[in-house]
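Here is the structure we will look at, set down as structure tokens.
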Amino acid sequence: MPAASLNSVGLSLNDCIKCNVCTSYCPVSQVTDSFPGPKYAAPQSERFRDFGHPFYADGAGPISRTLAAGQMPDASVDYCSGCRVCNEVCPTGVRIAEINARARARIVEARGLSLRNRILGRNELLGRIGSFAPGLANLLLHNPLSRRLAAALFGVAEKAPLPRWRHETLSRWLARTRAQRLRSEQKVVYFHGCATQYYEPFVGIAAILVLEHLGYEVIVPPQNCCGLPMLSNGEFGAAESHHRRNVARLTEFVDAGYPVIGTSTSCTLTLKEEAPELLDLENDAGTRALKFATWDIFEWLRERLDQGRLPSDLRPLHQSDQPFILPYHAPCQLRAHRIGKPALELLARIPGLDLRESHARCCGIAGTYGYKTEKYQIAMDVGAELFDYVAAQSPQSDQDSEGSLSFTACDSETCRWQLEHGTGLPSRHPIELLAAAYGLYDLHARRQANRN
Amino acid sequence: MLDLLVIGAGLTGLFAAYTAARAGLRVRVIARGAGSTHWHAGTIDLLGYLPNGQDAVANWAQALPELPPAHPYRLLGVHAIAQALDEFQRLAAAAGLPYGRAGAATAIDPTTSNPKAERLSQRDGPAEQFDDLNLGQNAGLVSPVGAARPVYLAPAAQQAGILEDDRPLLIVGLDGMPDFYPALIAENLQRQGRPARSASLPLDQLTERCDHGPLHLARLLDRPAAQSKLTEMVVDVAAAGERVGLPAVLGLHDHARLLKKIHRALVTKDPKTSQSQDPHGSVAAVFEIPTLPPSVPGLRLETALRARLDRLGVRVEIGMEACGFHAAGRRIEWIETETGSRPLRHTARNYLLATGGVLGGGIYADRRGRVKETVFDLPLTAPQTRTQWLRPLFLDKRGHPIFQAGVPVDRLFRPLDQSGAPVYDNLQAAGAILAHTDPIRERSREGIAVSTGYAAANAVVHGR
Ligand SMILES: Cc1cc2nc3c(=O)[nH]c(=O)nc-3n(C[C@H](O)[C@H](O)[C@H](O)COP(=O)(O)OP(=O)(O)OC[C@H]3O[C@@H](n4cnc5c(N)ncnc54)[C@H](O)[C@@H]3O)c2cc1C
Ligand code: SF4
Ligand code: SF4
Ligand code: SF4
Numbered sequence: 001m002p003a004a005s006l007n008s009v010g011l012s013l014n015d016c017i018k019c020n021v022c023t024s025y026c027p028v029s030q031v032t033d034s035f036p037g038p039k040y041a042a043p044q045s046e047r048f049r050d051f052g053h054p055f056y057a058d059g060a061g062p063i064s065r066t067l068a069a070g071q072m073p074d075a076s077v078d079y080c081s082g083c084r085v086c087n088e089v090c091p092t093g094v095r096i097a098e099i100n101a102r103a104r105a106r107i108v109e110a111r112g113l114s115l116r117n118r119i120l121g122r123n124e125l126l127g128r129i130g131s132f133a134p135g136l137a138n139l140l141l142h143n144p145l146s147r148r149l150a151a152a153l154f155g156v157a158e159k160a161p162l163p164r165w166r167h168e169t170l171s172r173w174l175a176r177t178r179a180q181r182l183r184s185e186q187k188v189v190y191f192h193g194c195a196t197q198y199y200e201p202f203v204g205i206a207a208i209l210v211l212e213h214l215g216y217e218v219i220v221p222p223q224n225c226c227g228l229p230m231l232s233n234g235e236f237g238a239a240e241s242h243h244r245r246n247v248a249r250l251t252e253f254v255d256a257g258y259p260v261i262g263t264s265t266s267c268t269l270t271l272k273e274e275a276p277e278l279l280d281l282e283n284d285a286g287t288r289a290l291k292f293a294t295w296d297i298f299e300w301l302r303e304r305l306d307q308g309r310l311p312s313d314l315r316p317l318h319q320s321d322q323p324f325i326l327p328y329h330a331p332c333q334l335r336a337h338r339i340g341k342p343a344l345e346l347l348a349r350i351p352g353l354d355l356r357e358s359h360a361r362c363c364g365i366a367g368t369y370g371y372k373t374e375k376y377q378i379a380m381d382v383g384a385e386l387f388d389y390v391a392a393q394s395p396q397s398d399q400d401s402e403g404s405l406s407f408t409a410c411d412s413e414t415c416r417w418q419l420e421h422g423t424g425l426p427s428r429h430p431i432e433l434l435a436a437a438y439g440l441y442d443l444h445a446r447r448q449a450n451r452n
Numbered sequence: 001m002l003d004l005l006v007i008g009a010g011l012t013g014l015f016a017a018y019t020a021a022r023a024g025l026r027v028r029v030i031a032r033g034a035g036s037t038h039w040h041a042g043t044i045d046l047l048g049y050l051p052n053g054q055d056a057v058a059n060w061a062q063a064l065p066e067l068p069p070a071h072p073y074r075l076l077g078v079h080a081i082a083q084a085l086d087e088f089q090r091l092a093a094a095a096g097l098p099y100g101r102a103g104a105a106t107a108i109d110p111t112t113s114n115p116k117a118e119r120l121s122q123r124d125g126p127a128e129q130f131d132d133l134n135l136g137q138n139a140g141l142v143s144p145v146g147a148a149r150p151v152y153l154a155p156a157a158q159q160a161g162i163l164e165d166d167r168p169l170l171i172v173g174l175d176g177m178p179d180f181y182p183a184l185i186a187e188n189l190q191r192q193g194r195p196a197r198s199a200s201l202p203l204d205q206l207t208e209r210c211d212h213g214p215l216h217l218a219r220l221l222d223r224p225a226a227q228s229k230l231t232e233m234v235v236d237v238a239a240a241g242e243r244v245g246l247p248a249v250l251g252l253h254d255h256a257r258l259l260k261k262i263h264r265a266l267v268t269k270d271p272k273t274s275q276s277q278d279p280h281g282s283v284a285a286v287f288e289i290p291t292l293p294p295s296v297p298g299l300r301l302e303t304a305l306r307a308r309l310d311r312l313g314v315r316v317e318i319g320m321e322a323c324g325f326h327a328a329g330r331r332i333e334w335i336e337t338e339t340g341s342r343p344l345r346h347t348a349r350n351y352l353l354a355t356g357g358v359l360g361g362g363i364y365a366d367r368r369g370r371v372k373e374t375v376f377d378l379p380l381t382a383p384q385t386r387t388q389w390l391r392p393l394f395l396d397k398r399g400h401p402i403f404q405a406g407v408p409v410d411r412l413f414r415p416l417d418q419s420g421a422p423v424y425d426n427l428q429a430a431g432a433i434l435a436h437t438d439p440i441r442e443r444s445r446e447g448i449a450v451s452t453g454y455a456a457a458n459a460v461v462h463g464r
């Protein structure tokens, strides 16, 4: 773990005024006693942890070195899901979730990492292995017996919504369709992340089709995992090497002034903020340049919209004259970007779309959190607020409402899987909806629309 | 383009946004974090104490002339304040969270609907003048330590807690709930000559959880089974004729039902319970006492306001901290908020600064004693050196000078420069950030928030 300095994360605990607002909102401490809540886990406990701050090093800090030494973060901090709802509502800007992430890293450093968490932290490796023989891999993973085995051996929750490998990764689709890709003077870089590469290449396809529809050539350079799963499981060393590799691979394009656009809100947040801050790389030039070049795809599209440069050929999503009801959940990872909910502004342009914004705090899954046996039920209990919201949007349960409810929308992949698991309705990335409204994409089959 | 961008999601910002949106303006609210509705008691306190007075103010409307001339209430006058309160009551009633004047003859009996609240919620025209003969009359409500809080408007759930009522009080606590001490409350009430006693209920009958913070309890008590169990336990400990005070955790979404249930059970047990002998006639047999933060009545109010804004199509974006702005001459062109990467630009015709005072984050005081308005760096009235910030005694009755620091404004709530001219033509300020008031000391927080938020929003509406 890199030596922590007196950066904004650590010192922000001094701004805590003990108001308990974070505790009122934390969705995890609401449903379980295993986690005492943000205020206790972060700004309160942090004072008793020694992070090797220069602050403490001379023994003149608020806690003597002797007392601080050997103080282990309370293991309950591991129950923080990292959803950042607390950060969002804290009136004084305490970086609660980041303080918790660092405490977790310290536990890992001292006690070692469980095999389960190491596996869950290797989304990319799993993706790559499975995509050699997706059919076999899916068969092996998605059968009740192996799920039970995985639960017993590794503590991977039996019922948690695991994705399926696709027969064609995004890279292979790109290679196959190279001749059809748009060449243009205007270029953008697309960061797909692991989930899009191996499990949901169609989200990447939708993004590329929309960007090309706007007249941009889409560059998809070789890239690796952004490192987030390692960060959230406390493996800071591995996360740093992954991040540095991405910086090295993207620098050439960032220097050329191309925006780096992502559809995975967690990957883009990691590039923008999580990696620089948690890994103390804020002064690394490449990291900084990448931070400022990175965009969430709807954040970038909203700018085109504001400049009046968005094609207006949007059509209704289905033939019926009934409104298309679409509950939209802005994932925690997106809210942590602090860019508002740009997808809402673009989707609102689609004719006949009855867009409904969920105010639920979190779907519960929080990356790999809900995949862990001991946390599966917590994640489902947290998500209940959202699942109930979606159910209430159905015309069957709401007399005043007309239309058809057949999809939900959410920008983050694991949240979509959790939403599907919790509601039984298929869930789509908003870019898939936009691509479909431009007539470029088949929303049901999740592939490029047949041009006719 | 937006007509109004409100910065700050406290009571001031939310109510101002509501006022402007109802008048047809396109409005958005942005804020760094949640507002301090989570910290306050959920009542609308207008003016509890005068800057140098020792005794509670009996009638705030009559006390206004004693405030300094630049005080926001003096800029507004009684009529404008009453109008704002009328609009607030209408909004609250329509949102299913009726407020009434504490101790008013129309006090809310949770068993019957409140005619005034219903009338208010049905009206849909422009605000009418508040027609209460007792306009301005404060009443004392039981505070979390059993002292008297001078309150003006109270939610239905707190109405029966007025001290000017001679029914004996039973203060009921929950074992294991932190920061609520029924024995202390009862003892302090006895010292003031009120017949009071206390009781404590075992929480393990209601829940297996160990965390008994106010919100956890409130969510628990939204459930019918827990409501029945609590009702049973309360009726068990109450003696004939007592009115029962409980911590304000009786539900987040469904507290009215539980109150009604307990009230009915108490009255069934002893019909005399609801017959108050006091002339104000606050008839309920049960009431809530606000707790330390997080405050459930404050949260209910915030939820109600946010739900109304949602229906009016007003987006409230939390997690956005203003970090820069651009002005051309006396017009603000845009402001910027910080994000995980590049700053985000917000453009509107008008801007309303409702970022709270030192405690809300609108005013920042650094170690060297420099005091700064955080978004536009507006001129402030503030003590110049750090040693003048605070008085030696924490609970000094005169309050602390640093909390009086604020933005001076004109009658249209435009911030003023040293020469007394508006700094910008399209910027207003309202709420705890205003100068010449110390809302905590005066017990005027919500009154300042509602009345100045309303007036500033209306200044924008009429100036269009
Ligand atoms: C811990 C605490 C305890 C308190 N306890 C009591 C008490 O017991 N009794 C009492 O009488 N009073 C108490 N108060 C004070 C009282 O709550 C406030 O004075 C009052 O609510 C102010 O209302 P407001 O709407 O003007 O501002 P607030 O409710 O403070 O709202 C300010 C809003 O502006 C936002 N904001 C601030 N800066 C920026 C920025 N740069 N960019 C964007 N948004 C910004 C904030 O996030 C917030 O949403 C307490 C305050 C605190 C902090
Ligand atoms: S990040 Fe989420 S789970 Fe963790 S403390 Fe904050 S609100 Fe709670
Ligand atoms: S919300 Fe922020 S200031 Fe309030 S208790 Fe939590 S960390 Fe502290
Ligand atoms: S956050 Fe993005 S890049 Fe990182 S593991 Fe998830 S999908 Fe991979």
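Taken in order, these protein sequences are the chains called A and B. First residue of the first sequence: 1, per the UniProt record's numbering; consecutive thereafter. First residue of the second sequence: 1, per the UniProt record's numbering; consecutive thereafter. We treat Cβ as the ideally placed atom computed from N, Cα and C, and that holds for glycine. Just so it is clear, the structure is predicted and the values come from calculations on it, not from any experiment.
Beta-carbon proximity list for B/Tyr351, same chain, < 6 Å, skipping 5 on both sides: Numbered from 1 along the second sequence, position 351 holds the residue referred to as residue 351 of chain B. For B/Tyr351, same chain residues with a beta-carbon under 6 Å away, outside a window of 5 residues either side, are Leu5, Ile332 and Leu427 in chain order.
Nearest residue (CA-CA) to A/Leu214, options A/Arg309, A/Ala101, A/Leu314 and A/Ala289: Taking the first sequence and counting its residues from 1, one reaches residue 214 of chain A at position 214. In terms of CA proximity to A/Leu214, A/Arg309 leads the group A/Arg309, A/Ala101, A/Leu314 and A/Ala289.
B/Gln428: first and last residue of the uninterrupted beta strand (DSSP E) it sits in: As a working note, residue 428 of chain B is residue 428 in the second sequence. Unbroken beta strand (DSSP E) run through B/Gln428: Leu427 to Ala429.
May I ask you to verify whether the stretch 318 to 325 of chain A touches the stretch 271 to 288 of chain A, counting CB pairs closer than 8 Å and requiring at least 3? No: the two stretches stay apart, fewer than three of their Cβ pairs being nearer than 8 Å.
Three or more C-beta pairs under 8 Å: does that hold for the stretch 283 to 303 of chain B against the stretch 203 to 212 of chain B? Segments in contact, no.
Tell me which residues of the stretch 195 to 211 of chain B have at least one Cβ-Cβ distance to chain A shorter than 8 Å, keeping chain order. Residues passing the 8 Å Cβ filter: Arg209, Cys210 and Asp211.
For residue 453 of chain A, verify whether its CB is less than 6 Å away from any heavy atom of ligand 2. Nothing can be reported for residue 453 of chain A: it is not among the residues displayed for chain A, which extend from 1 to 452.
Report the neighbours of B/Tyr34 on chain A: residues whose CB is nearer than 7 Å to its CB, in chain order. Indexing the second sequence from 1 puts residue 34 of chain B at position 34. The sequence given here places Ala at residue 34 of chain B; Tyr does not occur at that position. B/Ala34 reaches chain A at Val21, Val89 and Pro91, counting residues in chain order whose Cβ is nearer than 7 Å.
Less than 7 Å between the C-beta atoms of residue 466 of chain B and B/Thr381, yes or no? It is not possible to answer for residue 466 of chain B, since the shown part of chain B is limited to 1 through 464.
9 Å Cβ cut-off: residues of chain A touching B/Met320: Counting from 1 along the second sequence, the entry for residue 320 of chain B is found at position 320. Under the 9 Å cutoff, chain A gives Arg338, Ile339 and Gly340.
Have a look at the DSSP bridge pairing and note the partners of B/Ser198. Numbered from 1 along the second sequence, position 198 holds the residue referred to as residue 198 of chain B. B/Ile171, per the DSSP bridge assignment.
Cutoff 6 Å; reference A/Lys341; Cβ partners in own chain excluding five residues on either side: On the first sequence, residue 341 of chain A is found 341 positions in, with the first residue counted as 1. Taking A/Lys341 as the centre and dropping the five residues before and after it, the same chain places the C-beta of Ala330 closer than 6 Å to its C-beta, in chain order.
Can A/Ile17 be considered in contact with ligand 3, in the sense that its beta carbon sits closer than 6 Å to one or more heavy atoms? Translated into the one-based positions of the first sequence, residue 17 of chain A becomes position 17. Short note on A/Ile17: C-beta closer than 6 Å to some heavy atom of ligand 3.
Give the list of continuous alpha helix (DSSP H) stretches no shorter than 4 residues that lie fully inside the stretch 173 to 245 of chain A. Complete alpha helix (DSSP H) runs here, min 4: 201 to 213 and 228 to 232.
Heavy atom of ligand 3 less than 6 Å from the Cβ of A/Cys83, yes or no? Position 83 of the first sequence holds residue 83 of chain A. Relative to ligand 3, even the nearest heavy atom lies 6 Å or more away from the CB of A/Cys83.
Please report whether the beta-carbon of B/Pro439 lies at a distance below 7 Å from any beta-carbon of chain A. Counting from one through the second sequence, the residue named residue 439 of chain B turns up at place 439. Not one beta carbon of chain A lies nearer than 7 Å to the beta carbon of B/Pro439.
Does the CB of B/Leu215 have a neighbour CB from chain A at under 7 Å? Numbered from its first residue, the second sequence carries residue 215 of chain B at position 215. With a threshold of 7 Å between beta carbons, B/Leu215 makes contact with chain A.
Endpoints, beta strand (DSSP E) assigned at A/Trp165: As a first step, residue 165 of chain A must be located in the first sequence, where it is residue number 165. Segment: none, A/Trp165 is in no beta strand (DSSP E) and carries neither H nor E.
Please classify B/Ala20: does DSSP put it in a helix, a strand, or coil? Looking up residue 20 of chain B in the second sequence gives position 20. The answer is helix: DSSP assigns B/Ala20 an H, G or I state.
Alpha carbon of A/Arg95 to alpha carbon of A/Ser29, nearest angstrom: Position 95 of the first sequence, counted from the first residue, corresponds to residue 95 of chain A. Position 29 of the first sequence, counted from the first residue, corresponds to residue 29 of chain A. A straight-line Cα-Cα distance of about 18 Å links A/Arg95 and A/Ser29.
Please go through the same chain and pick out, in chain order, the residues whose beta-carbon is closer than 8 Å to the beta-carbon of A/Thr270, but skip the five residues on each side of it. Walking along the first sequence from the start, residue 270 of chain A turns up at place 270. Closer than 8 Å at the Cβ level, and outside the excluded window around A/Thr270, lie Cys226, Gly227, Leu228, Leu231 and His243.
In terms of DSSP beta bridges, what is B/Asn59 paired with? Taking the second sequence and counting its residues from 1, the one referred to as residue 59 of chain B is at position 59. BP columns for B/Asn59 point to B/Gln137.
Which bits of chain B does residue 453 of chain A rub up against, with CB to CB less than 7 Å? Outside the displayed range of chain A (1 to 452) lies residue 453 of chain A, so it cannot be described from this structure.
Is A/Cys267 a contact residue of ligand 2, with contact defined as CB to any heavy atom under 6 Å? Position 267 of the first sequence holds residue 267 of chain A. Look at A/Cys267: its beta carbon is at least 6 Å from all of the heavy atoms in ligand 2.
B/Tyr351 - DSSP class collapsed to helix/strand/coil: As a first step, residue 351 of chain B must be located in the second sequence, where it is residue number 351. Strand.
Comparing alpha-carbon positions, which option in B/Pro182, B/Leu163 and B/Asp166 lies nearest B/Val172? Within the second sequence, the letter at position 172 stands for residue 172 of chain B. When C-alpha distances from B/Val172 are compared across B/Pro182, B/Leu163 and B/Asp166, the shortest belongs to B/Pro182.
Which residues bound the beta strand (DSSP E) around B/Ser246? Translated into positions along the second sequence, residue 246 of chain B becomes position 246. First, the residue type needs correcting, since residue 246 of chain B is Leu and not Ser in the sequence shown. Start and end: Arg243 to Pro247.
Contact between the stretch 77 to 85 of chain A and the stretch 25 to 40 of chain A (3+ Cβ pairs under 8 Å): The stretch 77 to 85 of chain A vs the stretch 25 to 40 of chain A: in contact.
Can you give me the C-alpha to C-alpha distance between A/Ala384 and A/Cys363, rounded to a whole angstrom? Along the first sequence, read from residue 1 onward, the residue named residue 384 of chain A stands at position 384. Along the first sequence, read from residue 1 onward, the residue named residue 363 of chain A stands at position 363. Answer to the nearest angstrom: the Cα atoms are 8 Å apart.
I'd like to check one pair, A/Pro201 with A/Leu170: are the Cβ atoms closer than 7 Å? Taking the first sequence and counting its residues from 1, one reaches residue 170 of chain A at position 170. Taking the first sequence and counting its residues from 1, one reaches residue 201 of chain A at position 201. Yes, these two residues count as a Cβ contact at 7 Å.
Taking B/Gly356 as the reference, give the member of B/Gly13, B/Ala147 and B/Asp3 with the closest Cα. As a first step, residue 356 of chain B is located in the second sequence; it is residue number 356 there, counting from the start. For the residues B/Gly13, B/Ala147 and B/Asp3, the minimum Cα distance to B/Gly356 belongs to B/Gly13.
Are the stretch 345 to 362 of chain A and the stretch 319 to 332 of chain B in contact at 8 Å, needing three or more beta carbon pairs? In this structure the stretch 345 to 362 of chain A does not lie against the stretch 319 to 332 of chain B, because fewer than three pairs of beta carbons, one per stretch, are closer than 8 Å.
Please work out which residues of its chain come closer than 8 Å, Cβ to Cβ, to B/Lys269, disregarding the five sequence neighbours upstream and downstream, and give them in chain order. As a first step, residue 269 of chain B must be located in the second sequence, where it is residue number 269. Excluding residues within five positions, the ones whose Cβ falls inside 8 Å are Val235, Ala238 and Ala240.
Shorter than 6 Å, the distance from the beta carbon of A/Ile96 to the closest heavy atom of ligand 6, or not? The model depicted lacks ligand 6 and carries ligand 1, ligand 2, ligand 3 and ligand 4 instead.
Taking just the CA atoms, how far does B/Leu50 sit from B/Leu169? Against the second sequence, residue 169 of chain B aligns to sequence position 169. Against the second sequence, residue 50 of chain B aligns to sequence position 50. Spanning the two alpha carbons is a distance of roughly 30 Å.
Say whether the stretch 243 to 262 of chain A touches the stretch 186 to 193 of chain A, bearing in mind that this needs 3 or more beta-carbon pairs closer than 8 Å, one atom from each stretch. Taking 8 Å as the limit for Cβ pairs, the verdict is that the stretch 186 to 193 of chain A does touch the stretch 243 to 262 of chain A.
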